[in-house]
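> FYI, the numbering for the sequence shown is 13 to 1041, going by my numbering. No residue lacks a Cβ here, since even glycine has one placed at the ideal position from N, Cα and C. Pasting a structure here, questions to come.
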Amino acid sequence: MAGNEWINGYLEAILDAGGAKLEEGKERRSVEMVGGGVFNLTKYFVEEVVTGFDESDLYRTWIKVIATRNSRERNNRLENMCWRIWHLARKKKQIEWDDLRRLAKRRQQREQGRRDAAEDLSEDLSEGERDASAHGDSVRGPISRIGSDLQSWTDDDEGKGLYIVLISLHGLVRGENMELGRDSDTGGQVKYVVELARALAATKGVYRVDLLTRQISSPDVDWSYGEPTEMLTRPTDAAWGDGDGSGAYIIRLPCGPRDKYIPKESLWPHIPEFVDAALAHVSNMARALGEQRQRGGSGHVWPYVIHGHYADAGEVAAWLSGALNVPMVLTGHSLGRNKFEQLLKQGRLSKDDINSTYRIMRRIEAEEYSLDSAEMVVTSTRQEIEEQWGLYDGFDVNLERKLRARARRGVSCHGRYMPRMVVIPPGMDFSYVNTQELLDGDADIAALIGSDRNQSKRNLPPIWSEIMRFFTNRHKPMILALSRPDPKKNVTTLLKAFGECRPLRELANMTLILGNRDDIEEMSGTSSSVLTTVLKLIDKYDLYGQVAYPKRHKQAEVPEIYRLAAKTKGVFINPALVEPFGLTLIEAAAYGLPVVATKNGGPVDILKALNNGLLIDPHDHKAIADALLRLVSDKSLWQDCRKNGLRYISRFSWPEHCRNYLSHVAHCRARRPSGRGPDASTPARLAVEEEEEPMSDSLRDVQDLSIRFSLDVDVAKANGDDNTTSKRELILSALRSASKARSREPSQTPGFFRPGRRQRLFIIALDCYGQDGAPSGRLSEVVREITEAGGDSRTGYILATGATLAEAWEALKSCHVEPEAFDALICCSGAEVYYPWKDVEGDEDYGSHIGYRWPQDSVRSAVARLARTEGATEDDVLAEDEGCSSRCLRYAVKAGAKVLRVDDLKQKLRMRGFRCNVVYTHSCSRLNVVPLFASRSMALRYLSVQWGIDLSKMVVFVGDKGDTDYEHLLPGLHKTLILRGTVECGSERLLRGSGRYQMEDVVPKDAPNICAVDKDYTAQDISAALKKL
13 MAGNEWINGY LEAILDAGGA KLEEGKERRS VEMVGGGVFN LTKYFVEEVV
63 TGFDESDLYR TWIKVIATRN SRERNNRLEN MCWRIWHLAR KKKQIEWDDL
113 RRLAKRRQQR EQGRRDAAED LSEDLSEGER DASAHGDSVR GPISRIGSDL
163 QSWTDDDEGK GLYIVLISLH GLVRGENMEL GRDSDTGGQV KYVVELARAL
213 AATKGVYRVD LLTRQISSPD VDWSYGEPTE MLTRPTDAAW GDGDGSGAYI
263 IRLPCGPRDK YIPKESLWPH IPEFVDAALA HVSNMARALG EQRQRGGSGH
313 VWPYVIHGHY ADAGEVAAWL SGALNVPMVL TGHSLGRNKF EQLLKQGRLS
363 KDDINSTYRI MRRIEAEEYS LDSAEMVVTS TRQEIEEQWG LYDGFDVNLE
413 RKLRARARRG VSCHGRYMPR MVVIPPGMDF SYVNTQELLD GDADIAALIG
463 SDRNQSKRNL PPIWSEIMRF FTNRHKPMIL ALSRPDPKKN VTTLLKAFGE
513 CRPLRELANM TLILGNRDDI EEMSGTSSSV LTTVLKLIDK YDLYGQVAYP
563 KRHKQAEVPE IYRLAAKTKG VFINPALVEP FGLTLIEAAA YGLPVVATKN
613 GGPVDILKAL NNGLLIDPHD HKAIADALLR LVSDKSLWQD CRKNGLRYIS
663 RFSWPEHCRN YLSHVAHCRA RRPSGRGPDA STPARLAVEE EEEPMSDSLR
713 DVQDLSIRFS LDVDVAKANG DDNTTSKREL ILSALRSASK ARSREPSQTP
763 GFFRPGRRQR LFIIALDCYG QDGAPSGRLS EVVREITEAG GDSRTGYILA
813 TGATLAEAWE ALKSCHVEPE AFDALICCSG AEVYYPWKDV EGDEDYGSHI
863 GYRWPQDSVR SAVARLARTE GATEDDVLAE DEGCSSRCLR YAVKAGAKVL
913 RVDDLKQKLR MRGFRCNVVY THSCSRLNVV PLFASRSMAL RYLSVQWGID
963 LSKMVVFVGD KGDTDYEHLL PGLHKTLILR GTVECGSERL LRGSGRYQME
1013 DVVPKDAPNI CAVDKDYTAQ DISAALKKL
């Protein structure tokens, strides 16, 4: 019944906190936080009861309250409150049951996908290969190993002159005096990426490293975060040498409101803008580096690799990789699916609440897309691969090993792909560690704690005195915990372990370094709650004089804090619920500190390598106290752990990390057919000199309009053939003949504008279809109004559509528009790019650009089968041979067909190892399956690089609805003009299901470069809107 006594106490506290007012519909008692959070006292105590006690205990308490109630109002309220919380606990159990069913269903789908892939892969394996593949099914073994052909990075590679791009989007990133712990976005990841940039730039063979992050010019943060460029200092460790490059730089790019510091959960709709800014920077830098290398030449030095850190930067890296055809590497740091499952298990937030608070579904989709695009995923531990990345649709440990085995043997993978997972522990800069000082005596600490402290401590670090002032007995060993004030770091359980173990309290002091603070009430809700709980626990266990909790420290003082703990013969502890890696454990070991660490995550591998401490269950406060007491009290064990840590710490040095990293990247690049960006010698390949290639006659002698309207009779009508297939064949045949004839005629007009010399581009991306999927009659009117607003020939025109070339050509001709007047036609939802002023052959470079990992024939039959939902008939989705091409598989979707939405279909394809882009078009009557990197927005970025035109000079015209790729056309650096009432019927109903992220997570609200004109607009209205943009 002890548990029931606790429940009674909590119920009384709920009444005191205002629980009775809940029944009256009045506002609950809460504490407003300046940072925007609200700490609700009633909610806190209810959560303690619901999460801490079994349903049977709650029921017994309710029965007891009923049996002992009297006429007092408080007892009646207590009975009612107990009954309501009991039912709340039952509801929580029901939610947990629903989540278990959801997870079971998803596991079943993943297993089915794995079986489908295994069946296809086993058909053409020999018996020996089947045995080898079977051995790969074990989850044990060296996952990090790439293969026997992996070549180590050596000093002989110093002449390569590599350009490497790192991306870390959120948080406050700067090279010096990092404000780690200021908020949840500025933590270990910031330190890691800055030190990685420094270390790579100091590695022989690397010429330049750019770390791209967001530019913040807010009065709430330091002015340095608004500086566009910051050069990072080189490491001072002698192991590096002098280096041979230009160094490492933090490049800050504007993204979203420049005067606001935006948390990572709100950055998602601004990512396309960052992608475009990064694309412009990388293109300009590649050109500048090429000129430096060739001494005034025109070559480009494209990035060797683009490395995204966390989900948001991973999505940016994926888009840049697709636009530049450069290999991409991903480091997750922490993963959305893992966090989502943990939050659901806690039961404090519903699925919808989690999604709205953390934008978790948007984050998970970004991680899935990053997995689709990545050549390699860098992890810190094996546990991260098996237990965290293994939760994702786009990765399966067993399937990845089978595909790796087939690739080594030269056996076809049938279009399936899995990114390579490698374990490369983060490094550490040991230049600040003075080994001789660690071996010297304890004279400095003796001076600090001695009787003549005022005279002796003049040369000691100030942070030592700041910490020691908390302690009554300064001679005790120090237990050190260093983290941000986050519930996941589990500091409250650590304090409980310390407070309830009297032998430990008598033997040691404790120091808690929990970020920096001025006023707890001005901090964010979670940070404020953790710090408030810490202070309450110190008071509860009367730990005054035994626990230090300084308000502020500088990043440069952290090594001194470790050194102080080591001087006192103390212990470092990381009690986090889950620790992806545990960089602080390596830092502590470098200063000779034994460690106690959570058994969940990276610390398992770290302690296995260093053998310098003990692992504990972070939920068991008694186990935590026992481990700490054992290390502090057993001096022999303490010395062994200290020596082991110092002996093996070199395994985690930055030079070792960089050599492993570059070796793995080089191996991945060797597997990729093309690791270069766009043509290095001719970035504006189509904008050639006038005497080399004539422009289409349709652009000659045009003064007012760039598009000439044709009065010619349609080609197919002239031949009297109404058959659709015959029409398209005749159109393409006539176009090819005309193209060949023009190529033999010399240009007569040297003064016209060419695609690479336009001052701006108008992209017509209106999906004008009727209910039946046929083109509507609005296109002709729209094109006339847009071209009239466009003015003279300095404006170029591009048509971007989900239709095929023949369909687009036919639609333009039916509108009396000369197709050859367009600078480019982007067809098949971005799978094909044509230049009708030149010829009707697709851009082969673009085809090879997006064709990497394109499964084509392997996925052709699978799509029709997977797209149908339960109860669908076979003719609901049928493959169309006519509309298919080498880069686009096309399917007819019957009206009212039972088909999967885009997100569900992509999920099934990912589970089978297929990496594709899926688009419903023609008012949901067509399904285009195209390569992963093919899309209309990607094609625009490709043309921007090829033609040397800034994306800010592009204007995209869309309707208020469209194909399922419509929302990706809206955000970015380009201008977007929404023509309301133009599109009759879109395909958005087949985009996403319930419980997914929403359009506001993709398109920013009140974006300054998005404007709309009302229905019945004119060319003057379009011109006025363009002036606003």
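(1) Quick one: grab the DSSP three-state call for residue 281.
(2) Is the beta carbon of residue 635 less than 8 Å from the beta carbon of residue 603?
(3) Distance, Cα to Cα, residue 845 vs residue 954?
(4) By how many angstroms is the C-alpha of residue 835 removed from the C-alpha of residue 814?
(5) Please specify which runs of the alpha helix (DSSP H), each continuous and at least 4 residues long, are wholly inside the stretch 384-435, giving them in chain order.
(6) According to the neighbour-count rule (16 or more other Cβ atoms, all chains shown, within 10 Å of its Cβ), is residue 877 buried or exposed?
(7) When we look at the beta-carbon of residue 816 and count the other beta-carbons within 10 Å, is it buried (16 or more) or exposed?
(8) Which value, in whole angstroms, describes the spacing of the CA atoms of residue 200 and residue 175?
(9) Let me confirm a value: residue 943 is counted as buried when at least 16 other C-beta atoms fall within 10 Å, else exposed. Which label applies?
(10) Give me the Cα-Cα distance between residue 714 and residue 809, rounded to the nearest whole angstrom.
(11) I believe residue 502 touches residue 587 by the beta-carbon criterion, under 8 Å. Please report the beta-carbon distance rounded to the nearest angstrom.
(12) Mind checking who residue 522 pairs with in its DSSP beta bridge?
(13) Note down, one range per segment and in chain order, each alpha helix (DSSP H) of at least 4 residues found wholly within the stretch 341-384.
(14) Could you check how far apart the C-beta atoms of residue 583 and residue 644 are, in whole angstroms? I think they sit under 8 Å.
(15) Give the DSSP-derived three-state secondary structure of residue 841 in the structure shown.
(16) One question on the structure: do residue 205 and residue 180 come within less than 8 Å of each other, judged by their Cβ atoms?
(17) From residue 481 to residue 523, what does the alpha carbon distance come to, in whole angstroms?
(18) Spatial neighbours of residue 563 within its chain, please: CB distance less than 8 Å, with the 5 preceding and 5 following residues excluded, ordered by chain position.
(19) Out of 475, 907, 224 and 882, state which residue places its alpha-carbon closest to the alpha-carbon of residue 320.
(20) With a cut-off of 8 Å, do at least 3 Cβ pairs link the stretch 277-289 to the stretch 299-306?
(21) Could you pull the start and end residues of the beta strand (DSSP E) that residue 653 belongs to?
(22) Exposed or buried, residue 946, counting other C-beta atoms within 10 Å across all chains shown (16 or more means buried)?
(23) To which residues of the same chain is residue 956 closer than 6 Å at the C-beta, ignoring the five residues directly before and after it?
(24) Three or more beta-carbon pairs under 8 Å between the stretch 900-913 and the stretch 356-374, yes or no?
(25) When burial is assigned at 16 or more other CB atoms within 10 Å of the CB, is residue 127 buried or exposed?
(26) Let me know the secondary structure DSSP gives residue 772 once reduced to three states.
(27) Take the Cβ of residue 552 as the centre, count every other Cβ of all protein chains shown within 10 Å, and call the residue buried at 16 or more, exposed below.
(28) Using three-state DSSP, classify residue 214 as helix, strand or coil.
(29) Within the continuous beta strand (DSSP E) that includes residue 538, where are the two ends?
(30) Three or more beta-carbon pairs under 8 Å between the stretch 554-569 and the stretch 214-231, yes or no?
(31) Just checking my contact of residue 390 with residue 343 at CB under 8 Å: how many whole Å lie between their CB atoms?
(32) Taking buried to mean at least 16 other C-beta atoms within 10 Å of its own C-beta, is residue 687 buried or exposed?
(33) Residue 276 to residue 328, Cα distance in whole Å?
(34) Would you mind working out which of 862, 952 and 504 sits nearest residue 493, comparing C-alpha positions?
(35) What number of angstroms, rounded off, separates the C-alpha of residue 378 from the C-alpha of residue 353?
(36) According to DSSP, which residues form a beta bridge with residue 5?
In short:
(1) Here residue 281 is taken as the residue at index 269 of the sequence shown, counted from 1. In this structure, residue 281 counts as helix in the three-state DSSP scheme.
(2) Your numbering for residue 635 matches position 623 in the sequence shown. Your numbering for residue 603 matches position 591 in the sequence shown. In this structure, residue 603 does not lie closer than 8 Å to residue 635 by Cβ.
(3) Working through the sequence shown from its first residue, we reach residue 845 at position 833. Working through the sequence shown from its first residue, we reach residue 954 at position 942. The straight-line gap from Cα to Cα measures roughly 10 Å.
(4) By one-based count along the sequence shown, residue 814 stands at place 802. By one-based count along the sequence shown, residue 835 stands at place 823. Their Cα atoms are separated by approximately 17 Å.
(5) 409-421
(6) Here residue 877 is taken as the residue at index 865 of the sequence shown, counted from 1. With fewer than 16 other Cβ atoms within 10 Å, it is exposed.
(7) Locating residue 816 in the sequence shown gives position 804, counting from the first residue. Result: buried.
(8) Sequence index remark: in the sequence shown, residue 200 carries index 188 (1-based). Sequence index remark: in the sequence shown, residue 175 carries index 163 (1-based). So the two alpha carbons sit approximately 25 Å from each other.
(9) Within the sequence shown, the letter at position 931 stands for residue 943. Buried, since its Cβ has 16 or more Cβ neighbours within 10 Å.
(10) Taking the sequence shown and counting its residues from 1, one reaches residue 714 at position 702. Taking the sequence shown and counting its residues from 1, one reaches residue 809 at position 797. Bear in mind that the predicted position of residue 714 carries a pLDDT of just 33, short of 50, making it unreliable; the figure below should be weighed with that in mind. Taking the straight line joining both Cα atoms gives about 14 Å.
(11) Taking the sequence shown and counting its residues from 1, the one referred to as residue 502 is at position 490. Taking the sequence shown and counting its residues from 1, the one referred to as residue 587 is at position 575. Confirmed, Cβ separation roughly 5 Å.
(12) The residue you call residue 522 lines up with position 510 of the sequence shown. BP columns for residue 522 point to 491 and 559.
(13) 348-358 and 363-370
(14) By 1-based counting over the sequence shown, the position of residue 583 is 571. By 1-based counting over the sequence shown, the position of residue 644 is 632. Confirmed, Cβ separation roughly 6 Å.
(15) Residue 841 sits at position 829 when you count from the first residue of the sequence shown. In the structure shown, residue 841 sits in a helix (DSSP, three-state: H, G or I).
(16) Residue numbering aside, residue 205 sits at position 193 when the sequence shown is read from its first letter. Residue numbering aside, residue 180 sits at position 168 when the sequence shown is read from its first letter. Taking 8 Å as the Cβ cut-off, residue 205 and residue 180 qualify as a contacting pair.
(17) As a working note, residue 481 is residue 469 in the sequence shown. As a working note, residue 523 is residue 511 in the sequence shown. Spanning the two alpha carbons is a distance of roughly 11 Å.
(18) Taking the first residue of the sequence shown as 1, we reach residue 563 at position 551. Answer for residue 563: 528, 529 and 530, listed in chain order.
(19) Position 308 of the sequence shown, counted from the first residue, corresponds to residue 320. Taking only the C-alpha atoms, the option nearest residue 320 is 224.
(20) no
(21) Here the question's residue 653 lines up with position 641 in the sequence shown. Run containing residue 653: none in the beta strand (DSSP E); it sits in the alpha helix (DSSP H), 647-660.
(22) Here residue 946 corresponds to residue number 934 of the sequence shown, with the count starting at 1. Buried, because 16 or more other Cβ atoms sit within 10 Å of the Cβ of residue 946.
(23) By one-based count along the sequence shown, residue 956 stands at place 944. Here the set comprises 963.
(24) no
(25) Numbered from 1 along the sequence shown, position 115 holds the residue referred to as residue 127. Flag for residue 127 reads exposed.
(26) Numbered from 1 along the sequence shown, position 760 holds the residue referred to as residue 772. In this structure, residue 772 counts as strand in the three-state DSSP scheme.
(27) Along the sequence shown, read from residue 1 onward, the residue named residue 552 stands at position 540. Exposed, by the Cβ-count rule.
(28) Position 202 of the sequence shown, counted from the start, is the residue given in the question as residue 214. In this structure, residue 214 counts as coil in the three-state DSSP scheme.
(29) Indexing the sequence shown from 1 puts residue 538 at position 526. Where residue 538 is concerned, there is no enclosing beta strand (DSSP E), although the alpha helix (DSSP H) it sits in stretches over 537-552.
(30) no
(31) Counting from one through the sequence shown, the residue named residue 390 turns up at place 378. Counting from one through the sequence shown, the residue named residue 343 turns up at place 331. Sure, about 5 Å apart at Cβ, within 8 Å.
(32) Your numbering for residue 687 matches position 675 in the sequence shown. Because residue 687 sits at a pLDDT of 43, beneath the cut-off of 50, its placement in the model cannot be relied upon, and the point is left open.
(33) Residue numbering aside, residue 276 sits at position 264 when the sequence shown is read from its first letter. Residue numbering aside, residue 328 sits at position 316 when the sequence shown is read from its first letter. Near 14 Å, if we compare the C-alpha coordinates of residue 328 and residue 276.
(34) Stepping through the sequence shown from its first residue, residue 493 is reached at position 481. Ranking 862, 952 and 504 by Cα distance to residue 493 puts 504 first.
(35) Start at 1 with the first residue of the sequence shown, and residue 378 comes out as number 366. Start at 1 with the first residue of the sequence shown, and residue 353 comes out as number 341. About 17 Å.
(36) Lying before the first or after the last residue shown, residue 5 is absent from the chain, which here runs from 13 to 1041.
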